[in-house]
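**Student:** Note that numbering that gives the first Met the number 0 numbers the sequence shown so that position 180 is 179, with each residue one more than the last. Positions of the beta carbon are idealized from the N, C-alpha and C atoms, including for glycine. Being a predicted model, the structure only gives us computed values, none of them experimental.
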Amino acid sequence: MLRVLGLAIVLCSPAVVGQEEALPAPQALLDRVDSLAHSRLIADSEGVFVGYEIGLGAIQKIQGAWRFKKSERLDGHLWTYTWQIINGFSSLEVFEALVARIEATGENQLLFSCEGRRCGQGVQWANRIFGQRILYGREDLQRYRVYAIKHAGDYRLLLYSSARSADRQHLHAELLHIGEKPR
Numbered sequence: 000m001l002r003v004l005g006l007a008i009v010l011c012s013p014a015v016v017g018q019e020e021a022l023p024a025p026q027a028l029l030d031r032v033d034s035l036a037h038s039r040l041i042a043d044s045e046g047v048f049v050g051y052e053i054g055l056g057a058i059q060k061i062q063g064a065w066r067f068k069k070s071e072r073l074d075g076h077l078w079t080y081t082w083q084i085i086n087g088f089s090s091l092e093v094f095e096a097l098v099a100r101i102e103a104t105g106e107n108q109l110l111f112s113c114e115g116r117r118c119g120q121g122v123q124w125a126n127r128i129f130g131q132r133i134l135y136g137r138e139d140l141q142r143y144r145v146y147a148i149k150h151a152g153d154y155r156l157l158l159y160s161s162a163r164s165a166d167r168q169h170l171h172a173e174l175l176h177i178g179e180k181p182r
């Protein structure tokens, strides 16, 4: 319990000591995960996409093809991050602390949430959706959230937590700034 409280304090503290920060930008929330001593960034990317699909439902096989039960396609600038959670912390602890911080901002709307097997097959999330096979884990330990965030523009924030063993705990995040189109 104390570990989770300490993690929440780190994720919730102002980015600059001595300054009050009412709402960190969505990017700043993810930067804080990057600065945690028990997270190690193992993959990241950035690009501009047209028609990027965001899952708003469980992944399932429909007429022989893996698809989301519900989704939306948006254009924009996308940042993706995958962290390995280390030093005895669990991906669920980091996920829950990050979710608590996001929900405390008041400038968000939860669009979709699932836990465990209700999300669909973990191997499909890892390989087909996120293209990160290391995210494959136990289906009962996976978590997925999608938020609409209004902060200096419209964003979609996707969070996915997976765990395969004590040493294979991962957190994946995608942040889409809606509206930027390629030139």
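(1) Beta carbon of LEU170, beta carbon of ARG155: below 9 Å?
(2) For GLN120, I'd like the list of residues in its chain whose CB is within less than 8 Å of its CB, leaving aside the five on either flank, ordered along the chain.
(3) Does the region 145-152 come into contact with the region 106-114, if we say contact requires no fewer than three beta-carbon pairs (one atom in each stretch) closer than 8 Å?
(4) Just verifying my parser: in three-state terms, what is the DSSP assignment at LEU1?
(5) State the DSSP-derived secondary structure class of PHE67, mapped to helix, strand or coil.
(6) Which same chain residues end up closer than 6 Å to THR122 when comparing Cβ atoms and leaving out the 5 residues on each side of it in sequence?
(7) From which residue to which residue does the alpha helix (DSSP H) around PHE94 run?
(8) Is it a yes or a no for the region 159-167 touching the region 27-39, going by three-plus beta-carbon pairs under 8 Å?
(9) Please state if the CB of PHE94 and the CB of ARG132 are separated by a distance shorter than 9 Å.
(10) Alpha carbons only, please: which of ALA103, GLU102, LEU158 and ILE101 is nearest the one belonging to TRP124?
(11) Identify every residue that forms a DSSP beta bridge with TYR80.
(12) Which same chain residues, not among the five before or five after ALA24, have their C-beta less than 8 Å away from its C-beta?
(13) If you scan the region 135-163 from start to end, which runs of the beta strand (DSSP E) of 3 or more residues do you find wholly inside it?
(14) Would you decide whether ALA172 is buried or exposed? Buried here means 16 or more other CB atoms lie within 10 Å of its CB.
(15) Have a look at ILE177, ARG31 and GLY178 and flag the residue whose alpha-carbon is nearest the alpha-carbon of ARG100.
**Tutor:** The short version:
(1) no
(2) ILE58 and GLU138
(3) yes
(4) At LEU1 the pLDDT is 40, less than 50, meaning the model places this residue with poor confidence and gives no usable figure here.
(5) strand
(6) Note that residue 122 corresponds to Val in the displayed sequence, not to Thr. Counting only Cβ-Cβ distances below 6 Å, and skipping sequence neighbours, we find TYR135.
(7) 90-103
(8) no
(9) no
(10) LEU158
(11) ASP43 and ALA172
(12) HIS150 and ALA151
(13) 142-149
(14) buried
(15) ARG31
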